[in-house]
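**Q** Pasting a structure here, questions to come.
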Amino acid sequence: MHELRSRIICPVDFEKAGKQTGYLRLPFSSDVSAYGWIGIPIAVIKNGTGPTVYLGAGNHGDEYEGQIALVRLIRELDPARVQGRLIVLPATNTPATMNHSRTSPIDGGNLNRSFPGEPDAPDHRPTAAIAYYLANAIIPMCEALLDMHSGGKTLDYVPSALIRRDSKDDAHFKRKLAALRAFGAPIGYIIEGGSPSAGGGSRPVTITALADSLGALTMGTELGGAGTVTRTTLRVAQRGLYNFLTHLGVLEGHPLAAPAPAPEPRLVTVGGPDYYVHAPTRGAFEPAFDLGDEVAAGDLCGWIHQIDEPDAPPREVYFARGGVAFCKRPIVAVERGDCLAHVGTDWAG
Ligand SMILES: [Zn+2]
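Position 54, counted from 1, in the sequence shown is what the numbering used here calls 78; the numbers after and before it change by one each time, with no gaps.
Here it is as structure tokens:
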């Protein structure tokens, strides 16, 4: 066990039974508060014996389904129903969450590209300090981890849960696959060989990759997005959260009064660059598909118009690969290089 080189002060006793809430205190000296700290909300709900489970949201601050589902769980869950320990962080990158932005307004940090973090991170690098504390103080305690994401303001997803397959450890993968099915999102997304959206490769820069490398049963989500929530995406988030905990044996019985039966997810995977469509130029994007459509290679994805040049023909953009178009940019304004859509192909097993 190495020394924890973090300035974060933790207010909760991880060994105490019952429900505790408080703030991890990250010292932050600024022009408006010389001796201040950033308060990262944390809850621990412990009872009986069972696994320790990390539940996180607000890793990206503009992804809301998980944030709402987790603050509801903290308020509503009776600790007597728990067998084990839940460590809940509903606003993991708190500065980003409070700013409703993907990245931190303080240091521009993208928490889910910052693992394993930085020991002794100075005040002006809070994102690296949060990643280090999670990687070294929190995640090593956990047998399972659920980190709840969505598309944020600039992408929208068919509600999906996702797992990684980056080792040949079949027993570990099979446990994750069973949990993915139990979560019951419409799409179960299996990432093989590193996350393409995180630049590929196997360096564990995301919280799920890091937890995977420590042997935890890990799962992420892409529950919706477009900078908003809907009743449908929230229902999938909350149902999936409770299904996941029930599957792990941490909850005795299902605490939702009348859970809708979860569907068998459609299992898909996302491979290399040809799964993605990016804008070749700036302009106004008119999609030629709806989220969730089946598309074929060569199908039209949409048009990019130059509204101030009505005689100029729009630039047509095409899907390079067929599949289910389960991610779409919901914003009309595009710049060259923006992701407009990506597809998933049925997982071959
Ligand atoms: Zn995210």
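Built from N, CA and C at the ideal position, the CB exists for glycine as well. All values derive from a computational prediction rather than experimental measurement.
(1) Could you check what DSSP says for residue 168 in three-state terms: helix, strand or coil?
(2) Does the beta carbon of residue 312 sit closer than 7 Å to a beta carbon anywhere in chain C?
(3) Three-state secondary structure (DSSP) at residue 41?
(4) State buried or exposed for residue 148, treating a residue as buried only when at least 16 other CB atoms are found within 10 Å of its CB.
(5) Take the Cβ of residue 86 as the centre, count every other Cβ of all protein chains shown within 10 Å, and call the residue buried at 16 or more, exposed below.
(6) In angstroms with no decimal places, state the Cα-to-Cα distance between residue 198 and residue 295.
(7) Consult DSSP for residue 47 and reduce its assignment to one of helix, strand or coil.
(8) Nearer than 6 Å: is that true of the beta carbon of residue 196 relative to any heavy atom of ligand 1?
(9) Report yes if the C-beta distance between residue 114 and residue 81 is below 7 Å; otherwise report no.
(10) Does the beta carbon of residue 87 fall short of 6 Å from some heavy atom of ligand 1?
(11) Can you give me the Cβ contacts of residue 233 inside the same chain, cut-off strictly under 6 Å, excluding the 5 residues immediately before and after it?
(12) Provide the residue span of the beta strand (DSSP E) that contains residue 244, from first to last.
(13) Please report the distance separating the alpha-carbon of residue 350 from that of residue 325.
(14) I'd like the ranges of any alpha helix (DSSP H) spanning at least 4 consecutive residues and lying wholly in the segment 243-322.
(15) Since residue 189 sits in a beta bridge, which residues does DSSP pair it with?
(16) Quick one: what's got a C-beta closer than 7 Å to residue 144's C-beta in the same chain, skipping five residues either side?
(17) So, at 7 Å on beta carbons, what are the nonlocal neighbours of residue 342 in its own chain, with the 5 sequence-adjacent residues on each side left out?
(18) Closest to residue 178 by CA distance: which of 191, 186, 125, 27 is it?
(19) Going by beta carbon distance, what residues of the same chain come within less than 6 Å of residue 308, once the five residues before and after it are set aside?
(20) Look at residue 181 and residue 249 and say whether their C-beta atoms are less than 7 Å apart.
(21) Given residue 96, which residues of its chain have a CB within under 8 Å of its CB, disregarding the five upstream and five downstream residues?
(22) Below 7 Å between beta carbons: does that hold for residue 44 and residue 74?
(23) Out of 104, 354, 239, which has the shortest C-alpha to C-alpha gap to residue 274?
(24) Should residue 366 be listed as close to ligand 1, given that the test is whether its C-beta is under 6 Å from any heavy atom?
(25) Could you pull the start and end residues of the beta strand (DSSP E) that residue 367 belongs to?
(26) Mind checking whether the beta-carbon of residue 124 lies closer than 6 Å to any heavy atom of ligand 1?
(27) Please determine whether the Cβ atom of residue 173 lies at a distance below 6 Å from any heavy atom of ligand 1.
(28) Which word fits residue 89, buried or exposed, when buried means at least 16 other C-beta atoms lie within 10 angstroms of its C-beta?
**A** So, from the listed chains and residues:
(1) Residue mapping note: residue 168 aligns to position 144 of the sequence shown, counting from 1. Reduced to three states, the DSSP call for residue 168 is strand.
(2) Protein chains in the displayed structure number just one, and chain C is not present.
(3) Counting from 1 along the sequence shown, the entry for residue 41 is found at position 17. DSSP places residue 41 in coil when its eight states are reduced to three.
(4) Residue 148 sits at position 124 when you count from the first residue of the sequence shown. Exposed.
(5) Numbered from its first residue, the sequence shown carries residue 86 at position 62. Per the 10 Å Cβ criterion, buried.
(6) Along the sequence shown, one-based indexing puts residue 198 at 174. Along the sequence shown, one-based indexing puts residue 295 at 271. C-alpha separation (whole angstroms): 20 Å.
(7) Position 23 of the sequence shown, counted from the start, is the residue given in the question as residue 47. Strand at residue 47.
(8) On the sequence shown, position 172 is the one that residue 196 refers to. Result no, Cβ not under 6 Å from ligand 1.
(9) Counted from its first residue, the sequence shown places residue 114 at position 90. Counted from its first residue, the sequence shown places residue 81 at position 57. A Cβ-Cβ contact shorter than 7 Å links residue 114 with residue 81.
(10) Here residue 87 is taken as the residue at index 63 of the sequence shown, counted from 1. At least one heavy atom of ligand 1 is nearer than 6 Å to the Cβ of residue 87, so yes.
(11) For the purposes of this step, residue 233 is taken as the residue at position 209 of the sequence shown. None.
(12) Mapped onto the sequence shown, residue 244 falls at position 220. It spans 241-246 - the beta strand (DSSP E) in which residue 244 sits, taken as one unbroken run.
(13) By 1-based counting over the sequence shown, the position of residue 350 is 326. By 1-based counting over the sequence shown, the position of residue 325 is 301. Taking the straight line from one Cα to the other gives about 13 Å.
(14) 255-272
(15) Taking the first residue of the sequence shown as 1, we reach residue 189 at position 165. Answer is 216, bridged to residue 189.
(16) Taking the first residue of the sequence shown as position 1, residue 144 is located at position 120. For residue 144, where only same-chain residues beyond five positions count, the Cβ hits under 7 Å are 29.
(17) Taking the sequence shown and counting its residues from 1, one reaches residue 342 at position 318. Excluding positions up to five away in sequence, the list reads 322, 323, 324, 325.
(18) Residue 178 sits at position 154 when you count from the first residue of the sequence shown. Among 191, 186, 125, 27, the Cα nearest to that of residue 178 belongs to 125.
(19) Residue numbering aside, residue 308 sits at position 284 when the sequence shown is read from its first letter. Result list for residue 308: 329, 331, 356, in chain order.
(20) Here residue 181 refers to the residue found at position 157 when the sequence shown is read from its first residue. Here residue 249 refers to the residue found at position 225 when the sequence shown is read from its first residue. The answer is yes: Cβ separation under 7 Å.
(21) As a first step, residue 96 must be located in the sequence shown, where it is residue number 72. Closer than 8 Å at the Cβ level, and outside the excluded window around residue 96, lie 262.
(22) For this step, residue 44 is matched to residue 20 along the sequence shown. For this step, residue 74 is matched to residue 50 along the sequence shown. Their beta carbons are not under 7 Å apart, which means residue 44 does not touch residue 74 by this criterion.
(23) Against the sequence shown, residue 274 aligns to sequence position 250. Among 104, 354, 239, the Cα nearest to that of residue 274 is on 104.
(24) Counting from 1 along the sequence shown, the entry for residue 366 is found at position 342. Of the heavy atoms belonging to ligand 1, none sits nearer than 6 Å to the Cβ of residue 366.
(25) Position 343 of the sequence shown holds residue 367. First-last of the beta strand (DSSP E) with residue 367: 363-370.
(26) Reading the sequence shown from its first residue, position 100 is the one you call residue 124. No - ligand 1 has no heavy atom lying nearer than 6 Å to the Cβ of residue 124.
(27) Within the sequence shown, residue 173 is the residue found at index 149, counting from 1. Yes, Cβ of residue 173 sits closer than 6 Å to a heavy atom of ligand 1.
(28) For the purposes of this step, residue 89 is taken as residue 65 along the sequence shown, with counting starting at 1. Classification for residue 89: buried.
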